[in-house]
Each structure stands twice: as C-alpha cells, then as structure tokens.
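Chemist: I'd like to ask you about the structure that follows.
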Amino acid sequence: MGITNRKWEKAVELIFLFSALISVFSLAAITVYLFARGFPAIREIGAINFIFGMEWNPTADNPSYGIFPMIYASAASTAGAVILSVPVGLSAAVLLAAVAPSCLANLIRPCVDLLSSIPSVVYGYFGLTVIVPLISEYLGGPGNSLLAVIVLLAVMILPTIIKISENSLRAVPVEIIRGSYALGATKTETIFKVMIPAAGTGILSSIILGIGRAVGETMAVILVCGNAVQIPRSVLDMVRPMTANIALEMSYADPFHESALFGTGIVLFIFIAAVNIIINILSGRITGRNMSVQPVLKNRTEG
Amino acid sequence: MPSWRKYRDYAVKTLIWLFASAALGFLFWILSDLVVNGLPNISFDFITGEYNEYKGITGIAPMIVTTLWIISVTLIVSGIIGVSAAVYLAEYSKPGPTARLIRFALESLAGIPSIIYGLFGYVFFKNMLKLGFSILSASLTLAVMVLPFIIGSTEIALRNVNRLYRDGSLALGATKLYTVVNLILPCAAPRIITAMLLAVGRIAGETAAVYFTAGTVYRYPEGIMSSGRTLSVHIYMLAKETGNRNETYASALLLVIFISLIHFIVNAASRVINAEKI
Chain A
1 MGITNRKWEK AVELIFLFSA LISVFSLAAI TVYLFARGFP AIREIGAINF
51 IFGMEWNPTA DNPSYGIFPM IYASAASTAG AVILSVPVGL SAAVLLAAVA
101 PSCLANLIRP CVDLLSSIPS VVYGYFGLTV IVPLISEYLG GPGNSLLAVI
151 VLLAVMILPT IIKISENSLR AVPVEIIRGS YALGATKTET IFKVMIPAAG
201 TGILSSIILG IGRAVGETMA VILVCGNAVQ IPRSVLDMVR PMTANIALEM
251 SYADPFHESA LFGTGIVLFI FIAAVNIIIN ILSGRITGRN MSVQPVLKNR
301 TEG
Chain E
1 MPSWRKYRDY AVKTLIWLFA SAALGFLFWI LSDLVVNGLP NISFDFITGE
51 YNEYKGITGI APMIVTTLWI ISVTLIVSGI IGVSAAVYLA EYSKPGPTAR
101 LIRFALESLA GIPSIIYGLF GYVFFKNMLK LGFSILSASL TLAVMVLPFI
151 IGSTEIALRN VNRLYRDGSL ALGATKLYTV VNLILPCAAP RIITAMLLAV
201 GRIAGETAAV YFTAGTVYRY PEGIMSSGRT LSVHIYMLAK ETGNRNETYA
251 SALLLVIFIS LIHFIVNAAS RVINAEKI
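Taken in sequence, the protein lines are chains A and E. For the first sequence, position 159 matches number 159 in the numbering used here, and the numbering has no gaps at all. For the second sequence, position 130 matches number 130 in the numbering used here, and the numbering has no gaps at all.
Spelled out as structure tokens, the structure:
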C-alpha cells in the first residue's frame, strides 16, 4: 500500500467525520440563531412579563407581548391528547399483539402504518371539515376550540402509539408469558400484570414521541384551534397554542414583533427539552426495573 | 379458577375490543372521508392544470412540480451527507466523546418540531445566506430535518451487513475504504434506498418548515432559486383561505395516494430484502 493511498484513505475518513459533524453544527446553529433572534425581545419585554403576561397584542399602539395563554393552550391540548390517546391506543396495541386473531391483525397493521404517514395538514383538514362541525352541532360554541385541538392531536398521535407499543409488546419474551399462564393467570391478567410492565420502556417511548409530535404540531392545529389568545374557560373555548402563534404572525411581523415570535420559539424549544428530560429520567427508572427481570429469566432458560 | 376472575377476564377483553375499535374506527373514518370526498373531484385537468384563484382555475400541476423539485434536492443533499455520516458512525467511529456528541446532536435534532426548523431555515438559509424564498432554502432546511432519520436507518443497514464479509475483505488485503465502498455499501444499498423512500414521504408531507422557506407562490418553478408552493402547503392555503372543499379534498387525497404508494413499495421491497437475508 503506497503512501498516497494511505493519505487518500485518511482524507476520505475526514470527509466522513465532517459529514457526521454536520448534525452537531446544525444543532448548534439552530440553537444559536433561535436564541440570537428571540432574546432581544425577551430582554426588552422582560422574561417574566413575556412568559407570564396575559395580553398578546403586538399591533396595538401600546403593544403587549405576553404568551402565557399560549403556553397554557399548548400544555392543555397536549395533555388532553395524551390522556385521550394512550388508553385507546394501548388497547389497540394489545389487541393487535395479543388478542385479535392474526389474520385480522395482519389486515389492520398496514392501515395503521399508512395512517402514521399521512401528512399532518391532511389530518388538520379532516379536523376542520368533520370534527369542528360535529362539536359545534352537538356541544355548542363555534366548534373551533380546545376540544377540537385535543381530539385532532389525539387522532394524530394514535398511529405512533399503536405501532411502537405493539412492537414492544411483541418483543416480550414468550417464556414469561407462558410462565404467567402456567401459574394460572387469565389472559387479561397476563396482559396487564406481565406484558405491559415488561414492555414499559417501549410504551413510554411511544408516548414521548406522541407528546413531541403534539406539542410541535402547527398547521393542522391552526385549522381547528380558532386562534383567539385567551385562557380557555371550558374546552369549547377557542385557543392559540405557541406553534400557531409563530406561523400565523410571521408573515406580517415588524422586526421587534418577529423577535417576540422567535421568543415564542425559544419557549417552545425549552418546553420540549424539559418534557424530554423529565421522561428520560422516568424511563431510566423503568428500564432499571426491567433490567432486574432479564438476568433472572436468562438463568432460568439456560439452566 | 374462581368464576369472578373468569368474568373479569371477559369484561376486560370486551373493553379492549371496544377501545381498540374506537381507535381503529376513527382511523378508518379519516381514510373513507378522504376517499369519498376526494375521489370524485380528481380529474385529468385537475392534475395537469395550473392554478389561479382569481380566474377560477383549480389545477395543481405547479404544486406537484414544486413538490418533486424539493423532494429531489432534499434527497440529494441529505442522502450524500447522511450516508457519509452513517458510514463514519458504523465503520470508523470509536466509542468516545466525538461519537457521543454526534449521537446527542442526532437525537436532539429528531425531537425538534418542524416549525422550529422553519424558523431556522427562514433566518439562516433565506436571510443570512440570501437564498430568499426558494426551493433551495426549503430543501436545505428539510435536509437538516430528515438527516437524523436517514443517518439512523443507514447506520442500521450498514451494521446489518454480515461481519464475515468485512473480515474476509480485510483479510484479503483490501483497504478499509475499498471494503466500505465496494462491499459494505452495495450490500446495504437496498435498505438505504428504502430509508430514502420513507424520507420522501416525510418531505412530501411537511408543511410548516416549507411554508417559511419556499413561500406560497403558485407558479411553475423555473429553477432551484424560484419560490414555490408544495402540495401540502397548497392544501393548507386552500383550507385556510378559500374554503373550497372539492379541490382541497382532491389535493389531500392525491398527496395521500402518493405517500401510500411509496409505503406500498417500501413494504414490498422490505419483504424481498428480508427474505434474501443479506
């Protein structure tokens, strides 16, 4: 192998390394630019006034920039969507993984797969033409409401929750399932006391992904939320989550207003980071518990 | 078994069926709503015509062209960077701070919502690099967005290549680079290509990030520096501003058909690839 050859090898390796580092540069650039553009407005307004301010009126003569109602709307719609979607999605995952006959499960699975890839704007349009009129007709109010956002987001994160939970339920070792039956447990006892705890990490990560998607969802939410900046008195009131605020006002914002919108982006960014950190800590605990199950099982099967 | 436990078993099972049917029912409702309202409005003129809301022309051809442009440019950029990065992670990197940093960055990038990518693309590619509202701005933004997915799938594909091939090639005196380029990448190619196809689905469906970087102009793009409106942005604009049900449903159904076609191909291809057991 000649010297030039070795130099060439080294050069290409550096190119590969550089490509991999692009992800690091991108993350750094996203963070820096977001903060650089959003920070001036937050400093001028004051972080407390910005985050806890109740009034958002950037185009008034005496403009006010408080985003608390939007933080509230983002949190409430995400929490509502998760509460609605997890029990239903987990049931569907259990059905596909353990209860339904396999021919039925094989028929349903590709459909769930397809639904997880439908663009969010299509879900949003479904929400606008179907969910909103139904709410308006049967529950009253304008229809564009917190409830519409919750239902829409719940439906949107459903395929993710079903798919990932089902995969982790299927990955539960068959020995411990048979062990449970051998001890006289019924099917549902086995599902709830053995399979779901054993698949805990996977189910939790499906919920994290769902939360991430729900908090960050923008265009679909704009179509159904009504976009009024207020703390909703009931689920039938209009809301405006943080993402909607950014997308709706960017096109006509003056520089200071634009900076306040980037500030909204910063809060959203921190919000998502916080959710991820909290859930990472939680999942660390659950994984720790699973680890203690596995070695015992290994010894048994090997012995 | 005491009978109450048997009854509880039945009751819980019924509950599971009920909840699951609610979930699946809702999902089927969406699909059928799309097909019922969209299919009658798809026509040849609709697919090949131009769009002008003032003249009442409702074609979507320019949006399809823009979408295809953005998909191609994004795939070229993210494909080259993503595959090289995955080769580094799978073949060259040693466990250590560099690898950890890269993985941390990839995980974080995967969790950032598309609207933040939109803001970033707007400031960085559109304003800073002066690319304006253009296909290039949007494609570069989306390339960063799909990078974690492409790198992740490609790395798995590379690691799935049989260890023995690698060892054999090195034992025969081939260099590492020769082994990677002539042996490992070709073996992993089918899986890498299916990953790219799945990325196409995500690119085609993206709205928020494209809205901020490519703009909403509904003309045919003239090149990589033209602004344009993708199909998904078009659906958003129609839904938000015109309220014309028929064309919105038709556009939405076409987008969904395009993406499900990709999924169908990927599923069929994966079955073949897994059967071959490379």
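Ideal Cβ placement from N, Cα and C applies to all residues, glycine included. Keep in mind the model is a prediction, meaning the values are calculated, not measured.
Which residues in chain A sit within 7 angstroms of E:VAL35, going by Cβ to Cβ distance?
Modeler: Within chain A, no residue comes near E:VAL35; the closest Cβ sits about 12 angstroms away, beyond 7 angstroms.
Chemist: Return the chain-ordered ranges of every beta strand (DSSP E) run that is complete within the stretch 59 to 94 of chain A and spans a minimum of 3 residues.
Modeler: With a minimum length of 3 residues, no continuous beta strand (DSSP E) run stays inside the stretch 59 to 94 of chain A.
Chemist: For E:ILE80, which option in E:ILE192, E:GLU206, E:ARG219 has the closest C-alpha, if you only look at C-alpha atoms?
Modeler: Comparing Cα-Cα distances from E:ILE80 to each of E:ILE192, E:GLU206, E:ARG219, the minimum goes to E:ILE192.
Chemist: Could you tell me the distance, in whole angstroms, from the CA atom of E:LEU18 to the CA atom of A:LEU104?
Modeler: Going from the Cα of E:LEU18 to the Cα of A:LEU104 covers about 15 angstroms.
Chemist: Would DSSP call E:TYR178 helix, strand or coil?
Modeler: Of the three classes helix, strand and coil, the one that applies to E:TYR178 here is helix, per DSSP.
Chemist: I believe E:ARG202 touches E:THR216 by the beta-carbon criterion, under 8 angstroms. Please report the beta-carbon distance rounded to the nearest angstrom.
Modeler: No, E:ARG202 and E:THR216 are not in contact; Cβ-Cβ is about 20 angstroms, not under 8 angstroms.
Chemist: Any residues in the stretch 242 to 253 of chain A with a beta carbon nearer than 8 angstroms to a beta carbon of chain E? Which ones, in chain order?
Modeler: Cβ contacts with chain E: THR243, ILE246, ALA247, MET250.
Chemist: Roughly how far, in whole angstroms, is the beta-carbon of E:VAL87 from the beta-carbon of E:VAL180, given that I think they are within contact range, below 8 angstroms?
Modeler: Contact holds; Cβ gap of about 6 angstroms.
Chemist: One question on the structure: do A:ALA247 and E:TYR211 come within less than 8 angstroms of each other, judged by their Cβ atoms?
Modeler: Yes.
Chemist: Would you tell me roughly how many angstroms separate the C-alpha atoms of A:PHE271 and E:LEU177, rounded to the nearest one?
Modeler: So the two alpha carbons sit approximately 43 angstroms from each other.
Chemist: Kindly indicate which three-state DSSP category A:ASN49 falls into: helix, strand or coil?
Modeler: The answer is helix: DSSP assigns A:ASN49 an H, G or I state.
Chemist: Alpha carbon to alpha carbon, what distance is there between E:ARG103 and E:PHE120?
Modeler: Approximately 21 angstroms between the Cα atoms of the pair.
Chemist: Got a sec, what are the start and stop residues for the alpha helix (DSSP H) A:PRO110 sits in?
Modeler: Residues 102 to 116.
Chemist: From the beta carbon of A:VAL94, is the nearest beta carbon of chain E less than 8 angstroms away?
Modeler: Judged by the 8 angstroms Cβ criterion, A:VAL94 is in contact with chain E.
Chemist: In whole angstroms, what separates the C-alpha of A:ILE150 from that of A:ALA220?
Modeler: Approximately 12 angstroms, taken between the alpha carbons.
Chemist: Starting from the C-beta of E:GLY38, find all residues in its chain whose C-beta is less than 7 angstroms away, skip the five residues before and the five after it, and write them out in chain order.
Modeler: The answer, listed in chain order, is TYR249, ALA250, ALA252, LEU253.
Chemist: Taking Cβ positions, are A:GLY143 and A:PRO159 nearer each other than 8 angstroms?
Modeler: Against a cut-off of 8 angstroms, the Cβ pair of A:PRO159 and A:GLY143 comes out as no contact.
Chemist: Could you compute how far the alpha carbon of E:ILE278 sits from the alpha carbon of E:MET196?
Modeler: Since pLDDT at E:ILE278 reaches only 49, below the 50 mark, its modelled position is unreliable, and no value is offered.
Chemist: DSSP on A:ASN290, reduced to helix/strand/coil?
Modeler: Caution is warranted here: a pLDDT of 47 is assigned to A:ASN290, below 50, making its placement in the model unreliable, and no coordinate value can be reported.
Chemist: Indicate whether at least one CB of chain E lies closer than 8 angstroms to the CB of A:THR129.
Modeler: A:THR129 counts as touching chain E.
Chemist: Can you tell me the Cα-Cα spacing of A:ALA60 and A:HIS257, whole angstroms?
Modeler: About 11 angstroms.
Chemist: So for E:TYR10, helix, strand or coil by DSSP?
Modeler: DSSP places E:TYR10 in helix when its eight states are reduced to three.
Chemist: So with Cβ pairs under 8 angstroms, would you call E:LEU119 a contact of chain A?
Modeler: So yes, E:LEU119 belongs to the interface.
Chemist: Which whole-angstrom value describes the C-beta separation of E:ALA204 and E:ILE259, a residue pair presumed to lie in contact below a C-beta threshold of 8 angstroms?
Modeler: About 6 angstroms separates the two Cβ atoms, so the contact holds.
Chemist: Which residues in chain A sit within 7 angstroms of E:LEU106, going by Cβ to Cβ distance?
Modeler: Result: SER23.
Chemist: Going along the stretch 109 to 140 of chain A in order, which residues come within less than 8 angstroms of chain E, judged by CB to CB distance?
Modeler: Listed in sequence order: PRO110, CYS111, VAL112, ASP113, LEU114, LEU115, SER117, ILE118, PRO119, SER120, VAL121, VAL122, TYR123, GLY124, TYR125, PHE126, LEU128, THR129, VAL130.
Chemist: Less than 8 angstroms between the CB atoms is what I'm expecting for A:SER74 and A:LEU146, so what's the real figure, rounded?
Modeler: With 8 angstroms as the limit, A:SER74 and A:LEU146 do not qualify as a contact, their Cβ atoms being about 11 angstroms apart.
Chemist: A:GLY143 by DSSP, collapsed to three states: which one?
Modeler: If DSSP states are grouped into helix, strand and coil, A:GLY143 belongs with coil.
Chemist: Using only CA atoms, which one of E:ILE150, E:SER84, E:MET145, E:GLU247 lies nearest to A:GLU13?
Modeler: Per the Cα distances, E:SER84.
Chemist: Within 8 angstroms (strictly less), CB to CB, does E:ARG245 reach chain A?
Modeler: Output row for E:ARG245: interface = yes.
Chemist: Any beta carbon of chain A sitting closer than 8 angstroms to that of E:PHE124?
Modeler: For E:PHE124, the answer is yes, since a Cβ of chain A falls inside 8 angstroms of its Cβ.
Chemist: Find the nearest neighbour of E:ILE265 within the set E:THR194, E:LYS240, E:GLU276, E:ARG219, judged by alpha-carbon distance.
Modeler: When only C-alpha atoms are compared, the closest one is E:THR194.
Chemist: Answer yes or no: does any C-beta atom of chain E fall closer than 8 angstroms to that of A:MET70?
Modeler: Chain E contact via Cβ: absent.
Chemist: Under 8 angstroms Cβ-Cβ, which residues of chain A neighbour E:ILE112?
Modeler: Chain A residues near E:ILE112: ILE30, GLY216, PHE269, ILE272.
Chemist: When the distance is taken between beta carbons, is A:ALA93 closer than 8 angstroms to A:LEU152?
Modeler: No, these two residues do not count as a Cβ contact at 8 angstroms.
Chemist: Measuring straight from C-alpha to C-alpha, what distance separates A:LYS187 and A:SER180?
Modeler: Each residue's Cα considered, the two are about 9 angstroms apart.
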